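Residue numbers 3 to 346, in the numbering used here, belong to the letters of the sequence shown in order. Everything below concerns the one structure shown next.
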Amino acid sequence: MRDTRKITVGIIGFGNFGRLAASILKDDFRVKVCHYRKREEDIKLAKKINVELTTLNNTLNSDVIVLAVPISKTEAAIKQISSKLKPGTLVLDTCSVKTYPCRWLKKYIPENVEIIGTHPMFGPTTSKFNFEKQKWILEGLQIVLCPLRIKKARQEEVIKYLSKLGLKVIITTPEDHDRQNAKTLALVHYIGRSLLGAGIGEQEIYTKGYLDLLSILPHTTSDNWQLFYDMNNYNPYARKIIKKFQAASLKMEDRLIKADKESDIKKNRDIISEIDKQIARLLTKRFEQVKKIGQYKKKNNIRTKDSKRETQVINNALKEKKLDKKFVQDLYKVIFNQSYKLQE
3 MRDTRKITVG IIGFGNFGRL AASILKDDFR VKVCHYRKRE EDIKLAKKIN VELTTLNNTL
63 NSDVIVLAVP ISKTEAAIKQ ISSKLKPGTL VLDTCSVKTY PCRWLKKYIP ENVEIIGTHP
123 MFGPTTSKFN FEKQKWILEG LQIVLCPLRI KKARQEEVIK YLSKLGLKVI ITTPEDHDRQ
183 NAKTLALVHY IGRSLLGAGI GEQEIYTKGY LDLLSILPHT TSDNWQLFYD MNNYNPYARK
243 IIKKFQAASL KMEDRLIKAD KESDIKKNRD IISEIDKQIA RLLTKRFEQV KKIGQYKKKN
303 NIRTKDSKRE TQVINNALKE KKLDKKFVQD LYKVIFNQSY KLQE
């Protein structure tokens, strides 16, 4: 690998990731940064990490250009720099989505400039800084590369350097990246922001699973809303995954409601079964008395059928106003018929 100190890296954008990239790369390269808003805090930070805050034209006069602007501004940034790049420059983006940025790189960047899509799967909140060594600890973290138009030798140099930093390099296509990241990034951020919005946080009583769930909050809620919007709107697979998750959540809710209803139905049916048993016991007792009355009637030669008594029984039952008259009449007709059979 050639002496990296002779290589200049120009970073366009000095937001959260632009600052992180500058503080990592400045140990191995000459780093220049173009930031459209030169705020006092940006100037102070650039001095602190020992990188040059300069103009766009000066930044573009670098061997490698790193685009570290919001996803929604990436296409405009690529268009702006496309005609100002010197032949042989390597341009890479750092967007957390890849399909659209890679299309823009291929569409606007001239053929004599090399291009590669990248997605560092880490940021300021997921990286650790070793204050003793004054270096970022990146061991075990991932970076995705989507080679678009780059010589094999140069690609190998990029991979070797990233591996030297401790990063795990994954080579894939922009489409495969976005399919996977729809789950591992867009969905996770969606869940994290939903947890925050619901007021889910630390509490006295918890399980390990609950703590594991809360562990996504720092990584998913510290970025600005623009990044959240962009990772959903510029990933062609994100909305589908989130809608699938929402549908699954609704199904879970339906299952809970159904379980409640089934539980209520079972309770009601159990009560009805108990009432039915009581009705059966009462009818048994009623017919026992009917038999005794039948024996008395036979002994005393009294007529079995008693219409006056039937009317009296039905009228007493109808005093319970919640019962339908015809239902009561039909019910007792069956009871009376059975009673007369038992008295024969």
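Glycine included, C-beta positions come from ideal geometry on N, C-alpha and C. From a predicted model like this one, the values you see are computed outputs, not experimental measurements.
- In the three-state reduction of the DSSP assignment, Arg195 falls in the helix class, which pools H, G and I.
- Around the beta carbon of Tyr236, a 10 Å sphere encloses 16 or more other beta carbons of the protein chains shown; the residue is thus reported as buried.
- As DSSP reads the structure, Arg32 sits in a beta bridge with Thr10.
- Residue environment analysis places Asn234 among the buried positions, since at least 16 neighbouring C-beta atoms fall within 10 angstroms of its C-beta.
- In terms of Cβ geometry, Ile73 and Val99 form a close pair [threshold 8 Å].
- Rounded to whole angstroms, Lys185 and Lys246 show a C-alpha spacing of 11 Å.
- Three or more pairs of CB atoms, one per stretch, sit closer than 8 Å, so the region 108-119 contacts the region 144-158.
- Distance from the Cα of Lys86 is smallest, within the candidate group Phe338, Ile111, Cys97 and Arg105, for Ile111.
- Secondary structure note for Ile281: it is in no beta strand (DSSP E), and the uninterrupted alpha helix (DSSP H) holding it is Ala240 to Lys301.
- When DSSP states are grouped into helix, strand and coil, Pro220 belongs to the helix group.
- Burial check for Leu62: the Cβ neighbour count within 10 Å reaches 16 or more, so the residue is buried.
- Membership of Arg311 in the alpha helix (DSSP H) is indicated by the continuous run Ser309 to Leu320.
- Relative to Val160, the option among Lys293, Leu92 and Ile337 whose CA is nearest is Leu92.
- In the DSSP assignment, the residues bridged to Glu54 are Lys34.
- Put simply, of Leu58, Val33, Asp30 and Lys170 the residue whose alpha carbon is nearest the alpha carbon of Arg39 is Leu58.
- Around the beta carbon of Ser64, a 10 Å sphere encloses 16 or more other beta carbons of the protein chains shown; the residue is thus reported as buried.
- Listed in chain order, the alpha helix (DSSP H) runs fully inside the region 54-109 are 58-62 and 73-84, counting runs of at least 4 residues.
- In the DSSP assignment, Ile145 forms a beta bridge with Pro122 and Val171.
- Using a Cβ-Cβ distance cut-off of 8 Å, the region 308-320 and the region 332-344 are in contact, since at least three pairs of beta carbons, one from each stretch, lie closer than that value.
- Between Thr76 and Ala23, the C-beta gap is not smaller than 8 Å, which leaves the two residues out of contact.
- Of Phe329, Ser224, Thr306 and Asn318, the smallest CA-CA separation from Gln345 is found for Thr306.
- Just measuring C-alpha positions, the residue of Glu113, Ala78 and Gln82 sitting nearest Pro89 is Glu113.
- A distance below 8 Å separates the beta carbons of Leu94 and Val68.
- Spatial neighbours of Tyr342 in its own chain (CB-CB distance under 7 Å, excluding positions within 5 residues in sequence) are listed in chain order as Thr306 and Lys307.
- In this model, Ser265 and Ile243 are separated by some 33 Å (Cα to Cα).
- Excluding the 5 residues flanking it on each side, Phe16 has same chain C-beta neighbours closer than 6 Å at Val35, His37 and Asp44, in chain order.
- The same chain holds no residue with a CB closer than 6 Å to that of Thr286 once the five nearest residues on each side in sequence are set aside.
- Between the C-alpha atoms of Gly125 and Asn60 there is a straight-line separation of about 26 Å.
- With a cut-off of 8 Å on Cβ pairs, the region 186-198 is in contact with the region 218-234, counting three or more such pairs.
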